[in-house]
Every structure is written in C-alpha cells, then in structure tokens.
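A quick write-up on the structure given underneath.
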Amino acid sequence: MAAAVVTRDYSLTGAESAHAVEQQLAEAEWYASPVPREAMRELLERRDDLALRDTALWFGLLFVFGALGYRWWGSWWAILPFAAYGVIYGSSSDSRWHESLHGTAFKTDWLNNVLYEIASFMVQRESTVWRWSHMRHHSDTIIVGLDPEIAVPRPPKLGRLVLSFLGYQATVAYFRKVWLHCAGQIMPDEKTFIPESAWNTVYLKARIYLAIYAGVVALSLWHHSLLPLMYIGLPNFYGYWLMPIYGYTQHAGLAEDVLDHRLNCRTVYMNRVNRYLYWNMNYHVEHHMFPLVPYHNLPRLHELVKADMPPAYDGLGAAWREIIPALRRQATDPDYYVQRELPKAARRRTAAHEARTVVSDGTATADGWLDVAAADSLAVEDVLRFDVGERTLAVYRAGDGEYHATDGLCTHGGTHLATGVVMGHQIECPKHNGRFDVRDGSPQRAPVCVAVRTHPVRVAEGRLQVRLNGGA
Ligand code: FES
C-alpha cells in the first residue's frame, strides 16, 4: 500500500509556525553575495526619469488598446486590443505593484505610493494587507509557517494549479477577503503580520474597492453591456494568464526552509518585451538578496554577482522545463525539491558585513566625544557602521552634507542600518525598505513605526566625533 502523502501546515498560526521559530528561521540572517561597496552605492541610486518613462508607456498602451477595444466593440476585431489590454491590466500590473511597494520604482516616494495604490487595485491585492504580507515574505522567504506568499504549497494540487491560469481562484479569494474586511474582520493569519494600527485602513480600503466594483457592475447593467467590465474586473480573468507564467518561476519547486535565496529563488533570462512587462522581476534571486536595488539596475547587479550564483535559466522555457516535472513529482513526493548547485568558490558573507565599519576602543574626550573617522571620508549620502563595546551605531552624512548618528539596528527587524541607503535626510533599511529621518530618528515609511535613537555628532579639527546618548 502506498504511504499517505503528508501535507505540511502552511498556515501562519499552526505547528509549523512555532517549529520555524524554534529552528531560528524567523527574521533570520540571509546569505548575501559580496558586492564592492562603491558598485553597490551606484546600484542603489534611485531615479524618477526611467520609471516615469516606463509608466507613461504603460498607461499609454492601456489607453490605446482600451480605445481600440471601444471603437471595435461589437465586432470580432475587438478581441485583439482587449487581449493586449487584459494582459497589461491583469498581468503586468503585478510587477508595477511589486516595485512601487518596495519604493524602488521612483525616487520620489509619493509617485511610488500613487502607482502602488493603482496597481494594487488592478492586480486585486488589497494594498495595506499586501504591504505587510510582502514584508513578511521578504523576511521569511518560503519558510513554512511564516511566509504568507508561498504560491505552491506541497504537495501541489495539479488540477488547481492549471486552473489558476484562468484567474478565477485568485479573484474569488480576493473578493472573499475584501468582503470580510468590509465587515470589519481580520483573519488569524493576517493578524500575525498586519499591526492592529493598520486594521481600520484595511477596512476602509476594502469598502472603497467594493464600491468601485459595485459602480462598474451597475454601469454594465445600466447599459446592458459588458463593456465597462471589460476595462475593470474582467481583465483579471481574460488577461491573467501571463502572471502565473512569470510568477511561478520565482520559487515553485525549489527548497523550503533555507536561509539562502540562491536556493529558493530563480533568476530567468528574458527578452526585452518580457522584461518590460515584468519590470525585471525575472532577476529574482538578486531582488530578494538586495531588495533596495531598483528594477532598472537589476541586470547590472546580476552581472556583478552571477559568479556567486547557480546558473540563471536560459529563458522561460528552460525554467518551466524544470518546474513542471518538479511539481508533478512533488504531488506524490512532497519532500522532493529542485536542488540548486552553489558555486564551489562562493564565500560565506552576509550583508551586515558589507557595511564599512569603524570599531572604537571606547577612548573618549573628557566631555565624552568618541572619535569616528576623518569627516571627509564620508561622502554625501553615505553611512558607516560605528561599533563601540556592546553598542553599534550608524553614522551618516546626509544630502545637505550634515552629519548625524543613530543606533545601528532598525527598530522593526534589527537589521543594521549601515547596510541601507541614505537619501536626503533619510536612511532606508535594506530589509523591508522602512525609512527613518536621521535628524531625529522618526519613522518615515512603513513598516517602521518606532523611532530610532539619535546621538549628537560634531566635527572637530577635521575629525567626526559622536557622543553616546544613554551612556557608553
Ligand atoms: S528590519 Fe524591517 S524595515 Fe528594517
């Protein structure tokens, strides 16, 4: 008799969740490939122009295909423009949603936030819920019991997976949750990653989403025509198919419960059209390893780290030739996974070690100032790590050339801020893109909610000095 297939508990409140915490897999330190510091500084540069160009083209294509669909509505010719409109709306909104969620699409953050709200609506993801869910996905990527975004739990249900290309399941799940949120309910799983302070926003946005859909349905009924729904609502069925073709390549069939993105993510080479539609999310190992790097710099990052990675897949076909047999085997053998081979010469190094670090022996002036470094050794919009005894700080030079210092560890998840990126007066944490104002330590961008402690700095005879708040 064949042994029963054991199903793991993928909920965020079950035994697997507690087990993952016991195994120290929660909020753990992940492997990061070595990247020269100067090269990383260049890669982290944010720009508005490229995302403005790409977004204008994206909305322009939606407008042109939408207008042609309107013009030809009632004839078979309308199928062609709506096929294109549907894919841009129902599939490529996923990557716009993703990049703007990370705040890396644009340099100007309100542009990220506007695109994020629009793309969230289009891709049918509640923006507040998914902002928090995706933070968790980055902290605990494919850790069973912790990651809310595991797309293909083992053993995979193959029939459901095939049907998922129609968009039906995703839409049903979306409206079910929107309905519950409208009624003021947060699911137990959601409570593990959405802070209570955000619940009212979840309820409000769910009501807005439902009101918009109700309006579109009413318009269709009023005109006795499907046409309004062809623009909003139905694209999530007829234009959805490309999203899983791209999306399942990210993690399907790969290892669970490992702390190395090279083992649980795929980087897949794609042609220019696919890379435009997918906004370079095909460089998925690189994105997970360095989520601060904007989409337009991921190909350059890939060139720098590829010697430290398993080989990238030579196209979508190559990735799917691995995924399909892997999922078929997992259906009867859930312990099976694709083992990615790591380069032998790979060096173990983590992002925290990449920060430029100054270690002080604790010797201070009579009035308590500790020497850090030559003031001009810190470039504008630069940061270094400063360790003294048990304390670790981040010392910054802001966009206006002024110096500041804070405690080193992010108040959200404990990642060292000296591995983040300085933009103007803000430091962005490398783990979940939370931000602090380095002048007063105040939180500036979710998920950080608690201020980081600041410390006085001064420049004396060309030397940068810091005095510890709270004593040494
Ligand atoms: S660790 Fe989450 S934003 Fe810093």
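Numbered per our numbering, the sequence shown spans residues 24 to 495. For each residue, glycine too, the CB sits at the ideal point set by N, CA and C.
query = Should residue 577 be listed as close to ligand 1, given that the test is whether its C-beta is under 7 Å from any heavy atom?
reply = Residue 577 lies beyond the stretch modelled for the chain, which goes from 24 to 495, so this question has no answer here.
request  = Please confirm whether residue 461 and residue 429 have their CB atoms less than 8 Å apart.
outcome  = Taking the C-beta atoms as reference points, residue 429 is found nearer than 8 Å to residue 461.
task = For the beta strand (DSSP E) containing residue 427, list its first residue and its last residue.
result = Start and end: 426-430.
inquiry  = Closer than 8 Å is the cut-off here; do at least three beta carbon pairs connect the stretch 56-65 with the stretch 180-191?
reply    = No: fewer than three Cβ pairs fall under 8 Å.
query = What is the residue span of the alpha helix (DSSP H) that residue 451 lies within?
reply = Run containing residue 451: none in the alpha helix (DSSP H); it sits in the beta strand (DSSP E), 449-451.
inquiry  = Distance check for residue 103 and residue 252, CA to CA, integer angstroms please.
reply    = Going from the Cα of residue 252 to the Cα of residue 103 covers about 17 Å.
query = How would you call residue 288, buried or exposed, if buried means at least 16 neighbouring beta carbons within 10 angstroms?
reply = For residue 288, the number of other beta carbons within 10 angstroms of its own is at least 16, and it is reported as buried.
ask   = Since residue 48 is in the beta strand (DSSP E), which residue starts that stretch and which ends it?
value = From DSSP, residue 48 is part of no beta strand (DSSP E); its letter is neither H nor E.
query = At which residues does the beta strand (DSSP E) containing residue 70 begin and terminate?
reply = Following the DSSP letters along the chain, one finds residue 70 in no beta strand (DSSP E), marked with neither H nor E.
query = How big is the Cα-Cα spacing for residue 265 and residue 411?
reply = Each residue's alpha carbon lies about 52 Å from the other.
query = Taking the alpha helix (DSSP H) that residue 327 falls in, what are its first and last residues?
reply = Judged by DSSP secondary structure, residue 327 falls within the alpha helix (DSSP H) whose first and last residues are 321-328.
query = What first and last residue would you give for the beta strand (DSSP E) that runs through residue 407?
reply = First-last of the beta strand (DSSP E) with residue 407: 405-411.
inquiry  = Buried or exposed, going by whether 16 or more other CB atoms sit within 10 Å of the CB of residue 384?
reply    = Counting Cβ neighbours within 10 Å, residue 384 comes out exposed, since fewer than 16 surround it.
Buried or exposed (CB count within 10 angstroms, at least 16 for buried), residue 153 = With 16 or more other Cβ atoms within 10 Å, it is buried.
message = Counting C-beta neighbours from all protein chains within 10 Å, is the total for residue 271 16 or more, i.e. buried, or is it exposed?
response = So residue 271 ends up on the buried side.
request  = Just the C-alpha distance for residue 175 and residue 433, rounded to the nearest angstrom, thanks.
outcome  = If I take the Cα positions, the gap works out to 32 Å.
query = Taking 7 Å as the line, does the beta carbon of residue 457 fall inside it for any heavy atom of ligand 1?
reply = Inclusion of residue 457 in the 7 Å shell around ligand 1 follows from its C-beta lying nearer than that to a non-hydrogen atom of the ligand.
query = Should residue 82 go down as buried or exposed, given a rule of 16 or more other Cβ atoms within 10 Å for buried?
reply = Of the other Cβ atoms in all chains shown, fewer than 16 fall within 10 Å of the Cβ of residue 82; this residue is therefore exposed.
message = For residue 388 and residue 474, I'd like the C-alpha separation in whole angstroms.
response = Across the structure, residue 388 and residue 474 are spaced so that their CA atoms are roughly 28 Å apart.
inquiry  = In whole angstroms, give me the CA-to-CA distance for residue 108 and residue 146.
reply    = Their Cα atoms are separated by approximately 13 Å.
request  = Between the Cα of residue 470 and those of 218, 120, 164 and 90, spot the shortest distance and give me the residue it belongs to.
outcome  = It is 218.
request  = From the DSSP output, in three-state form, read off residue 332 for me.
outcome  = Residue 332: coil per DSSP, three-state reduction.
Residue(s) in a DSSP beta bridge with residue 9 = This structure cannot settle anything about residue 9, because the visible part of the chain is limited to 24 through 495.
query = In angstroms, rounded to a whole number, what distance separates the CA positions of residue 339 and residue 291?
reply = Going by the C-alpha atoms only, they are around 7 Å apart.
Residue interval of the beta strand (DSSP E) (run including residue 459) = From DSSP, the beta strand (DSSP E) with residue 459 extends over 458-460.
ask   = Helix or strand or just coil, what does DSSP make of residue 372?
value = Low local confidence applies: a pLDDT of 48 at residue 372 is under 50, so the model's placement there is unreliable, and no value is given.
task = Measure the alpha-carbon distance for residue 374 versus residue 304 and round it to whole angstroms.
result = Because the pLDDT of residue 374 is 46, which lies under 50, any placement of that residue in the model is unreliable, and the question is left without a value.
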